[in-house]
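Have a look at the structure below, then the notes.
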Amino acid sequence: MIDVGEILDPLLLSRWQFGLTTLYHFLFIPLTIGMVLLVATLQTAWVRTAKLKYLHLTRLFGKIFLINFAMGVVTGIVQEFQFGMNWSDYSRFVGDVFGAPLAMEGLLAFFFEATFIGLWIFGWDKLPPKIHLATIWATALGSVLSAYFILAANAFMQNPVGYELNAEKGRAELTDIVAVLTNPVAVWQFPHTIFASIMFAAAVMVATAAYHLSRKQHVDTMRTALKFGSFASVFGFGGAALSGDQLGLVMVETQPMKMAAAEALYKTTEAASFSIFSWGTPDGAHEIFSIRIPYLLSFLSTHTFTGEVEGINDLQAQYVQEYGPGDYSPIIWVTYWGFRYMIGLGGIAALISLVGLWLTRKGKEPKPWAWKIAIWSAPLPLAASLAGWIFTEMGRQPWIVFGLMKTEDGVSPNVTGLTVLISLIAFTIVYGALAVVEFKLIKKAAITGPDEWENHDDPENIDHAKLATVY
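Each residue of the sequence shown is one higher than the one before, counting from 1 in UniProt numbering.
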């Protein structure tokens, strides 16, 4: 029999709604950040070399960037209301700390980004090529800064620093903005996110190039896009792996339960192995079969092959003693598989790019199946990023601010489950419609390809008035 009270639990529904809106908004963030960096690089190549194919690629992927940017702005607005609607107690608790980096993001980074993106869109026929190039790099800088400030705010939830508790007012108050902005979680989460974003943008570029090359369209231009995107994908994976390694060390130091949950490691172990695959109970407590790499978990956690990794049982006992009775472990199967999907899907995407570079070396023509794999592999880096964020946020549970506030204590006390359910359904419908629109617009731009001119290679002599009509 269905328990209506459980279905209409405000805490459960608020968590679902926040997860839906956050992950949906995050669909657009990596493509925006990664694509603006790739577009800026392509435009730089055009200005420096005067090769028209780089202009074609700048225009094509600039369209995709703009479509995605606009959709990201629309979906991001909802995030601001989430805190006040369903998480008022949380907002009250962290507002003084959260306000600073979020204000910097809105008033500095986003304003900077929005200003220069306007100059880039409307400046094709008005600005000299090098000045116009500067506007897209300024837009990229604004996007990157925006990401950093948001990640710094999120890092406070993972590792609270730069604050003091005001017991009388029941909130955390900012004492050191530098500490908040240099939080070690943010310092390594930032490059990890940027490199992952480059991977997704590169995958979209590779898929677009593969589509046209499979039909022998825009061959010279798309071969350049394929090679550029493939190298960017491999570069992004390398950067994500290195920064992720450092982020893992920080995670062990600040949230050891999250690393234990990533491996479903219940007993504190030295020289701990890492399971690539495991079969057993969902919580990982009883393993039937697994494929393991010896010593790898210890190396990831301590950079030594014999280092000690604390287990869930010992950490649970420590937390009970420190914070009082309660279950301080996250949902193990979510963290376990989220961690592996993040690594595995990202690795597969990079491997596909490496294979693509090999198959197309020296102008060779790969088999039709290779083009299909390249096209259908485009979502892999995005799926890896989403899995990583699920691991990051779910692995922090039951805390909404680690060690300071539990998630159950942050929900709005006067919001009913029915109210949240109605808004959850409404957001799901609207977001579903927006997803269809976004996908169709990007697909149309990618399939249409660039509008090519055969002459006017020189950036100084290009017909800017005609070029401006593209946007």
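Glycine included, each C-beta is placed from N, C-alpha and C at the ideal position.
Just so we're clear, the structure is a prediction, and the values are computed from it rather than from any experiment.
N-terminal and C-terminal residue of the alpha helix (DSSP H) that residue i is part of
i, result
"Ala378", "No alpha helix (DSSP H) holds Ala378; DSSP gives it neither H nor E."
"Trp188", "184 to 214"
"Val420", "417 to 448"
"Phe116", "111 to 122"
"Lys227", "219 to 254"
"Leu23", "10 to 26"
"Val97", "88 to 104"
"Pro30", "29 to 49"
"Val178", "177 to 181"
Bridge-paired residues (DSSP) for residue i
i, result
"Trp279", "Phe289"
"Thr135", "Its beta-bridge partners do not exist; DSSP assigns none."
"Thr269", "Val309"
"Trp399", "Lys406"
"Phe274", "Ile293"
The ligand GDP heavy atom lying under 6 Å from the CB of residue i
i, result
"Ser143", "No copy of the ligand GDP occurs in the structure displayed, which carries no ligand at all."
Continuous beta strand (DSSP E) stretch holding residue i: start and end
i, result
"Ile173", "The sequence shown places Glu at residue 173, rather than the Ile named in the question. From DSSP, the beta strand (DSSP E) with Glu173 extends over 171 to 174."
"Tyr163", "163 to 166"
"Ile331", "Taken as a continuous stretch (DSSP letters only), Ile331 belongs to no beta strand (DSSP E), as it is neither H nor E."
Sequence-distant residues of the same chain with beta carbon closer than 6 Å to residue i, five excluded per side
i, result
"Tyr90", "Ile400, Gly410"
"Ala262", "Thr335, Phe339"
"Gly388", "Met342"
"Ile117", "Thr139"
"Glu438", "Met71"
"Tyr328", "Gln316, Tyr319"
"Met205", "Ala225, Gly229"
"Val470", "Note that Val470 has pLDDT 40, beneath the 50 cutoff, so the model's placement of it is unreliable and the number below is only indicative. The answer, listed in chain order, is Arg59."
"Tyr431", "Tyr24"
"Phe277", "Ile291"
"Val161", "Ala179, Asn183"
"Ala468", "Annotation note: pLDDT 43 at Ala468 (below 50); position unreliable, no value reported."
"Thr281", "none"
"Gln246", "Trp188"
"residue 481", "Examination of residue 481 is not possible in this model, given that the chain is present from 1 through 471 alone."
"Leu119", "Thr135"
"Ala370", "Leu359"
"Leu404", "Pro160"
"Ala45", "Tyr54"
"Ser214", "Trp371"
Nearest-angstrom Cβ-Cβ length linking residue i and residue j, presumed shorter than 8 Å
i, j, result
"Phe93", "Arg171", "5 Å"
"Phe427", "Gln17", "7 Å"
"Ala210", "Ile375", "5 Å"
"Phe61", "Leu37", "No, Phe61 and Leu37 are not in contact; Cβ-Cβ is about 11 Å, not under 8 Å."
"Ala240", "Phe195", "4 Å"
"Ser197", "Val252", "Not quite, the Cβ-Cβ distance comes to about 25 Å (not below 8 Å), so this is no contact."
Residues near residue i by beta carbon distance below 7 Å, same chain, minus five either side
i, result
"Leu354", "Val234"
"Val250", "Pro184, Val185, Trp188"
"Asn166", "Glu173"
"Val47", "Pro129, Lys130, Leu133, Pro459"
"Ile373", "Ile352"
"Ala152", "Pro101, Val180, Leu181, Asn183, Ala186"
"Gly449", "Leu60, His212, Gln217, His218"
"Glu310", "Pro256, Ala260, Thr268"
"Tyr266", "Ala285, Gly311, Ile312, Asn313"
"Leu386", "Leu23, Phe26"
Proximal residues to residue i (C-beta, below 8 Å), its chain only, five neighbours per side dropped
i, result
"Ala349", "Met199, Ala203, Ser233, Phe237, Ser377, Leu380, Pro381, Ala384"
"Asp9", "Gly417"
"Asp457", "Note that Asp457 scores 44 on pLDDT, short of 50, meaning its location in the model is unreliable and no value can be drawn from it."
"Thr254", "Gln158, Asn159, Pro184, Val185, Phe402"
Checklist entry - If you pair each beta-carbon of the stretch 113 to 132 with each one of the stretch 174 to 186, do three or more pairs fall below 8 Å? => result The stretch 113 to 132 is not in contact with the stretch 174 to 186.
Next on the checklist: Any contact between the stretch 156 to 168 and the stretch 129 to 140? By contact I mean 3 or more CB pairs, one from each, below 8 Å.
Outcome noted: no
Checklist entry - With contact counted as at least three CB pairs below 8 Å, one residue from each stretch, are the stretch 265 to 283 and the stretch 293 to 311 in contact? => result yes
Item to check | Given 8 Å, three or more beta-carbon pairs between the stretch 402 to 418 and the stretch 358 to 366 | outcome: Segments in contact, no.
Checklist entry - Counting pairs of beta carbons, one from the stretch 192 to 201 and one from the stretch 30 to 39, are three or more of them closer than 8 Å? => result The stretch 192 to 201 is in contact with the stretch 30 to 39.
Next on the checklist: Does the contact criterion of 3 or more C-beta pairs under 8 Å hold for the stretch 436 to 446 versus the stretch 60 to 71?
Outcome noted: yes
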